[in-house]
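> Protein sequence lines correspond, in order, to chains F and Z. So the first sequence is numbered by numbering that gives the first Met the number 0: it starts at 0 and just counts up by one. So the second sequence is numbered by numbering that gives the first Met the number 0: it starts at 0 and just counts up by one.
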Amino acid sequence: MAQNSDRILCLGLVTLAMAAFGWSFIGGGGINAASTDQPMRLPRILLGLWALLGVGCALRPARSDDTSDGRAQHLGRTTALIGMLFLVAVSLPTLGYLVPVTGGVAVLLWLLEERRPLPFAVSLAVLGPGLWALFHHGLGLRLPLMMSGGVF
Amino acid sequence: MSTILLDVFNVWTLGALLLGTTLGIIIGALPGLGSVVGLSICLPFTFGMDTVPSLTLLLGVYCGSVYGGSISAILVNSPGTPQAAATTLDGYPMAQRGEGGLALGWATVASVLGGLISCGVLILAAPQLSRFATSFGSVEVFALIVLALTCIAAVSHGNTAKGLLMGLIGLMLALVGTDPVTGAARFTFGTPFLSAGFDLIAVVIGLFALSEAFWRVATGNAESAEVSGVRMTLPRLSAWKGRIGTLIRSSGIGCLVGALPGTGAATASFISYAVARQVSPRGDGFGRGEPEGIVAAEASNNAVTGSAMIPTLALGIPGDVVTAILLSALVVHGITPGVRLMTEHLDVVNAIFVVLILINLVMMVVAFPLVRLFGRLLMIPQHLVTAGIVVFGILGAATVRGNPLDVLVAVGFGAAGLVFRLTGFPLAPLVIGLVLGPQFEQTLRRGLLLNDGNFLSFFTDGPLAAVLFLVAALALAAPVIGALRKPRLQDSETK
Numbered sequence: 000m001a002q003n004s005d006r007i008l009c010l011g012l013v014t015l016a017m018a019a020f021g022w023s024f025i026g027g028g029g030i031n032a033a034s035t036d037q038p039m040r041l042p043r044i045l046l047g048l049w050a051l052l053g054v055g056c057a058l059r060p061a062r063s064d065d066t067s068d069g070r071a072q073h074l075g076r077t078t079a080l081i082g083m084l085f086l087v088a089v090s091l092p093t094l095g096y097l098v099p100v101t102g103g104v105a106v107l108l109w110l111l112e113e114r115r116p117l118p119f120a121v122s123l124a125v126l127g128p129g130l131w132a133l134f135h136h137g138l139g140l141r142l143p144l145m146m147s148g149g150v151f
Numbered sequence: 000m001s002t003i004l005l006d007v008f009n010v011w012t013l014g015a016l017l018l019g020t021t022l023g024i025i026i027g028a029l030p031g032l033g034s035v036v037g038l039s040i041c042l043p044f045t046f047g048m049d050t051v052p053s054l055t056l057l058l059g060v061y062c063g064s065v066y067g068g069s070i071s072a073i074l075v076n077s078p079g080t081p082q083a084a085a086t087t088l089d090g091y092p093m094a095q096r097g098e099g100g101l102a103l104g105w106a107t108v109a110s111v112l113g114g115l116i117s118c119g120v121l122i123l124a125a126p127q128l129s130r131f132a133t134s135f136g137s138v139e140v141f142a143l144i145v146l147a148l149t150c151i152a153a154v155s156h157g158n159t160a161k162g163l164l165m166g167l168i169g170l171m172l173a174l175v176g177t178d179p180v181t182g183a184a185r186f187t188f189g190t191p192f193l194s195a196g197f198d199l200i201a202v203v204i205g206l207f208a209l210s211e212a213f214w215r216v217a218t219g220n221a222e223s224a225e226v227s228g229v230r231m232t233l234p235r236l237s238a239w240k241g242r243i244g245t246l247i248r249s250s251g252i253g254c255l256v257g258a259l260p261g262t263g264a265a266t267a268s269f270i271s272y273a274v275a276r277q278v279s280p281r282g283d284g285f286g287r288g289e290p291e292g293i294v295a296a297e298a299s300n301n302a303v304t305g306s307a308m309i310p311t312l313a314l315g316i317p318g319d320v321v322t323a324i325l326l327s328a329l330v331v332h333g334i335t336p337g338v339r340l341m342t343e344h345l346d347v348v349n350a351i352f353v354v355l356i357l358i359n360l361v362m363m364v365v366a367f368p369l370v371r372l373f374g375r376l377l378m379i380p381q382h383l384v385t386a387g388i389v390v391f392g393i394l395g396a397a398t399v400r401g402n403p404l405d406v407l408v409a410v411g412f413g414a415a416g417l418v419f420r421l422t423g424f425p426l427a428p429l430v431i432g433l434v435l436g437p438q439f440e441q442t443l444r445r446g447l448l449l450n451d452g453n454f455l456s457f458f459t460d461g462p463l464a465a466v467l468f469l470v471a472a473l474a475l476a477a478p479v480i481g482a483l484r485k486p487r488l489q490d491s492e493t494k
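1. Thinking C-beta only, is G244/Z closer than 9 angstroms to A415/Z?
2. Along chain Z, which residues have their Cβ under 7 angstroms away from the Cβ of M39/F?
3. Per DSSP, what kind of secondary structure is G176/Z in: helix, strand or coil?
4. Three-state secondary structure (DSSP) at R215/Z?
5. Tell me which same chain residues have a C-beta within less than 7 angstroms of the C-beta of S90/F, skipping the five on either side of it?
6. With a threshold of 9 angstroms between beta carbons, is P143/F in contact with chain Z?
7. Excluding the 5 residues flanking L22/Z on each side, which residues of the same chain have their C-beta closer than 6 angstroms to its C-beta?
8. Which residue wins for smallest C-alpha separation from M165/Z, given the options L142/F, S23/F, A50/F and M39/F?
9. In angstroms, rounded to a whole number, what distance separates the CA positions of M171/Z and V430/Z?
10. Just grab the DSSP bridge partners of R185/Z for me.
11. Measure the alpha-carbon distance for T442/Z versus L45/F and round it to whole angstroms.
12. Helix or strand or just coil, what does DSSP make of P380/Z?
13. Can you tell which of L455/Z, T187/Z, G387/Z and A427/Z has its C-alpha closest to the C-alpha of G40/Z?
14. Counting only beta-carbon atoms, is K161/Z nearer than 9 angstroms to chain F?
15. Count the other CB atoms within 10 Å of the CB of A124/F; is the residue buried (16 or more) or exposed (fewer)?
16. Does the CB of L52/F have a neighbour CB from chain Z at under 9 angstroms?
17. For the alpha helix (DSSP H) that contains G37/Z, what are its first and last residues?
18. Measure the beta-carbon distance from A160/Z to L52/F and round it to whole angstroms, keeping in mind my assumption that it falls under 8 angstroms.
19. Leaving out five residues before and five after A217/Z in sequence, what residues of the same chain have Cβ atoms less than 7 angstroms from its Cβ?
20. Output needed for V54/F: all residues of its chain with C-beta closer than 7 angstroms, excluding positions within five of it in sequence on either side, in chain order.
21. To the nearest angstrom, how far is the alpha carbon of N331/Z from that of M48/Z?
22. Return the chain-ordered list of same chain residues with a C-beta closer than 7 angstroms to the C-beta of V361/Z, the five sequence neighbours on each side being excluded.
23. If the cut is a Cβ gap below 8 angstroms, which residues of chain Z does T77/F touch?
24. If you reduce the DSSP assignment to three classes, tell me which class Y61/Z lands in.
25. Using a beta-carbon distance cut-off of less than 7 angstroms, what residues from the stretch 378–393 of chain Z approach chain F?
26. Can you list, in chain order, the residues of its chain whose CB lies under 8 angstroms from that of G82/F, leaving out five sequence neighbours each side?
27. Report the option in G47/F, L144/F, P128/F and L8/F whose CA atom is closest to the CA atom of A19/F.
28. Taking the runs of the alpha helix (DSSP H) that are 4 residues or longer, which of them lie wholly in the stretch 336–372 of chain Z?
29. Quick one: residues in its chain with C-beta nearer than 6 angstroms to the C-beta of L163/Z, no 5 flanking neighbours on either side, listed in chain order?
30. According to DSSP, is M39/F helix, strand or coil?
31. Between G90/Z and Y66/Z, what straight-line distance do the alpha-carbon atoms span, to the nearest angstrom?
32. Within its chain, find whatever has a CB closer than 7 angstroms to the CB of F269/Z; leave out the 5 residues flanking it on each side and keep chain order.
33. Less than 9 angstroms between the C-beta atoms of T398/Z and F46/Z, yes or no?
34. On the premise that N300/Z lies in contact with A267/Z, defined as a C-beta separation below 8 angstroms, what is that separation, rounded to the nearest angstrom?
35. Rounding to the nearest angstrom, what Cα-Cα distance links L449/Z and L404/Z in this structure?
36. Exposed or buried, what is N402/Z when buried is set at 16 or more other beta-carbons lying within 10 Å of its beta-carbon?
Structure (structure tokens):
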């Protein structure tokens, strides 16, 4: 199972390298006729090596000293968490920081099985509006706003 | 001299020193967090600070977390950081005998002295290496970067191919954006956001902080332990008789290993422990609660903190992820890392030297109350720690350039980091590749221009570059030769 996922990842990386290699010919970079120095030369060499190493990793036999950090038991919950964070990230430019992150923290706490009302409310207040107030107003580090010049 | 004193001995730097060291010890003591996650979640606090206080905070977190790992290693047999794994071997048996406070005392004194010895080595070695490095041309710097990347790949989880692949991905990611020479757009896919390339800090936060949170959720690896209040007791001076040699030797090993790219404190502590066990007359007691085992492990892992800064400050080459994050903090403050870092920003480098010494001294003082609080620290629910990591990750990515799309980058790299971790792909070479990528390209292209586009002349340009390339080739070949020899050795053993 681990060997299969390893191979799938290697082949995925090879596909990505090949796609980027193809893009390098159609997606800009341009040619400088006056110089041998081309902007896409090094990326193409690196992408070629990347693809070769990826194929090598995919084809090599399983090794006993290959290590991973652990076994994923809750992939569904993790996927939901990553999906939720993508939504938060996508909505930041339009909705600002406070609203999407506070909503995201509520979902995050629920996903992490925090069901007790008081710890839920306190954690939500500290990690959401609390940290926003500390960074945005206390430390003066500007976070994205819902409206330019608005309060939040 | 007076500038250094003003830079260091002001309320902001001293406050950052105390806060960073305390946070570092707490982060290190909580099993599962570690130096890199600690630095990633503390990064956003440094964006609004001046250069020296921000580096002080990060160095405090780094040194504090390396030491803090020993607290949980000794008291609950669960090293807070991988660097403290060797400390459990003798620390926990001592705690089981009811000598947990004394074991912590041995660990604290050994950590502080190991850290101070490495500061001395750093102060002596870095300027010499830097002076030598200023004579490097483009080809030599390029060869040095190739050597650093191959060394890091070669020691990556025992899998050189995966390490190299990740290093290449890091280099490639560094090339995304506007070409610095011709101004051409590379892999921007028509989006203005990518024209400035991927932000290093957003990538680091994604790969280490967010992926750690995702991994905790995915594996359900969030166990808590219980421990009653322990008071730290320092060992008597007479108890050091016959153990000073181990302290000095282990600090030396830590300094040596720390200065090599890609090795780190965990490797140093196990090497020191093994050497001490062989050499010491008390070797038989190792593993059964012998304080000398704690001294060997802790002196060496803390000695790494200073010496790891040698290539970072003298050559601008980060030896591991921690030093890569420290270099990225320099970039945020407008300082370009490289072989001229020490000559162009000597005031900052000198301040770092002083700060590192102070951190080690403060660690000794802060450790006493924090050890007493350790039982309460362990009671912090792990799911709230996970939620905190996620929120600090978002905050860091959102504030680094003030561009909300950096959060999208961080989440994307967080998801990628989880996949890489679950499949055993090392993350460190990717980050080091990303840090060194711009220098790699710049020196390669400049070298090619100077040599009429002839890459082969890189190997014949001078003896230093040739030696560096040769060492890089040997670093790559060593694991392959080792892998080829392994079956033969196994065959001969079975015969």
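All C-beta atoms in this analysis are idealised placements derived from N, C-alpha and C, irrespective of residue type, glycine included.
Inspection of the coordinates gives the following:
1. no
2. R185
3. strand
4. helix
5. P99
6. yes
7. V60
8. A50/F
9. 11 angstroms
10. G176/Z
11. 15 angstroms
12. coil
13. Before going on, a small fix: residue 40/Z reads as Ile here, not Gly. The residue with the shortest Cα to Cα distance from I40/Z is G387/Z.
14. yes
15. exposed
16. yes
17. G33 to T45
18. 6 angstroms
19. L417
20. V13
21. Going by the sequence as given, residue 331/Z is Val instead of Asn. Distance between the alpha carbons of V331/Z and M48/Z is about 11 angstroms.
22. L16, L17 and T20
23. F213, V216, A217 and L417
24. helix
25. H382, L383, T385, A386, G387, V389, V390 and I393
26. none
27. G47/F
28. 340–343
29. A152
30. coil
31. 13 angstroms
32. A85
33. yes
34. 6 angstroms
35. 39 angstroms
36. buried
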